[in-house]
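Taking it in order: structure first as structure tokens, then the write-up.
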Amino acid sequence: MTPEQAIKQAALQRGADQVGIAAVSRINECAPPGHRPDDILIGAKSVIVLAGRTTPRGAWRSPDYRTHYNNRDFPRVRTGIAMAVAKFIESEYGYYSIGQVPPPIGFNPSLSFKLCAEMAGLGTRSMAAGILLNRELGLPNFSVCITTMPLPADQPLTDPICPHPSCVELWQKHKSTPCLDVCPECLSGELEG
Numbered sequence: 010m011t012p013e014q015a016i017k018q019a020a021l022q023r024g025a026d027q028v029g030i031a032a033v034s035r036i037n038e039c040a041p042p043g044h045r046p047d048d049i050l051i052g053a054k055s056v057i058v059l060a061g062r063t064t065p066r067g068a069w070r071s072p073d074y075r076t077h078y079n080n081r082d083f084p085r086v087r088t089g090i091a092m093a094v095a096k097f098i099e100s101e102y103g104y105y106s107i108g109q110v111p112p113p114i115g116f117n118p119s120l121s122f123k124l125c126a127e128m129a130g131l132g133t134r135s136m137a138a139g140i141l142l143n144r145e146l147g148l149p150n151f152s153v154c155i156t157t158m159p160l161p162a163d164q165p166l167t168d169p170i171c172p173h174p175s176c177v178e179l180w181q182k183h184k185s186t187p188c189l190d191v192c193p194e195c196l197s198g199e200l201e202g
């Protein structure tokens with residue numbers, strides 16, 4: 010097993026639903042100074058992006074909105090997963106590593122997790138508010154592990170999940186759009202009623 014396979018397997022075993030790797034050099038081409046991985050960890054070479062479903066799909070089907078928020082499991086466990094992956098890399102491979110999670114709402118983030126996730130092939134931005142959509146997870150949550158370990162990077166997706174110029178035409182023809190196709194199962198007719 011290659012080191013990148015072992016790292017991904019460790020992250021999945023600890024609770025991530027998907028894992029991708031982005032090269033710091035690629036992220037730095039888009040991120041402004043002060044918001045780059047190597048501004049957080051000197052000498053950073055790779056970012057391991059951990060994606061998780063925000064809630065179990067069943068929570069979306071509950072008529073009680075509190076159920077959705079009470080079942081937001083990945084936002085609660087992502088810190089532990091990111092830290093566990095950082096410790097795994099340091100203990101197994103000897104490279105400096107740190108876990109990162111998004112800051113509380115209202116703070117200027119030190120790193121764009123959406124950009125990292127895009128570069129790691131875990132989704133594409135949608136027309137709606139620049140959210141990142143993932144074909145299997147819908148609207149995922151992310152945490153990252155930044156490391157000085159050079160790893161082969163996954164590639165960004167080339168086929169956008171939200172092809173916004175054609176959304177209206179798709180809706181008119183099929184009464185659906187790609188974002189609705191990957192959205193939680195509760196959107197199977199409830200919006201019409």
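With the sequence shown counted from 1, adding 9 to any position gets you my numbering.
Think of the CB as a built atom: it goes at the ideal place given N, C-alpha and C, for glycine as much as any other residue.
Using a Cβ-Cβ distance cut-off of 9 Å, determine whether residue i contacts chain C.
i	result
Asn-143	Of the protein chains in this structure there is only one, and it is not chain C.
Using a 10 Å radius around the Cβ and a threshold of 16 neighbouring Cβ atoms, would you call residue i buried or exposed?
i	result
Ile-90	buried
Lys-17	buried
Gln-22	exposed
Arg-62	buried
Ser-106	buried
Ser-7	Absent from the model: residue 7. The displayed extent of the chain is 10 to 202, so no value can be given.
Go through its chain and collect everything with a Cβ distance to residue i's Cβ below 6 Å, but skip five positions before and after it.
i	result
Gly-29	Val-58, Ala-129, Gly-130, Leu-131 and Asp-163
Gly-24	Val-86 and Ile-90
Met-92	Gly-108
Leu-166	Gly-130 and Thr-133
Just how far apart, CA to CA, sit residue i and residue j?
i	j	result
Gln-181	Thr-133	23 Å
Phe-97	Val-86	17 Å
Ala-60	Glu-178	31 Å
Pro-1	Gly-103	This structure gives no information on residue 1, because the portion of the chain shown stretches from 10 to 202.
Val-33	Pro-72	43 Å
His-183	Asn-143	21 Å
Arg-231	Thr-157	Any property of residue 231 remains undetermined from this structure, which presents the chain solely from 10 to 202.
Asp-26	Pro-118	23 Å
Ala-20	Glu-101	14 Å
Gly-52	Asp-168	32 Å
Report the partner residues of residue i according to the DSSP bridge assignment.
i	result
Thr-133	Leu-142
Ser-71	Answer by DSSP bridge pairing: none, since Ser-71 is not bridged.
Arg-62	Pro-149
Ser-185	Bridge partners of Ser-185: none, in fact.
Gly-52	DSSP, once it has assigned bridges, lists no residue as partnering Gly-52.
Note down, in chain order, each residue of its chain lying with its Cβ closer than 7 Å to the Cβ of residue i, except the 5 sequence neighbours on either side.
i	result
Ile-36	Arg-45, Pro-46, Val-56, Leu-124, Cys-125 and Met-128
Phe-122	Pro-111, Phe-151 and Val-153
Glu-13	Ile-30, Leu-160 and Pro-161
Pro-41	none
Pick from the options: whose alpha carbon is nearest that of residue i?
i	options	result
Ala-31	Pro-159, Lys-184, Asp-168 and Thr-167	Pro-159
Pro-147	Thr-157, Ile-170 and Thr-156	Strictly speaking, residue 147 in this sequence is Gly, with Pro absent from that position. Considering only alpha carbons, the answer is Ile-170.
Leu-50	Gly-108, Pro-41 and Asp-168	Gly-108
Cys-39	Leu-120, Ile-155 and Ser-185	Leu-120
Thr-64	Gly-43, Asn-80, Ala-95 and Asp-168	Asn-80
Ile-155	Glu-99, Glu-145, Leu-141 and Ser-135	Glu-99
Near residue i, what residues of its chain come up, given a Cβ to Cβ distance below 8 Å and the 5 sequence neighbours on each side ignored?
i	result
Met-10	Gln-18
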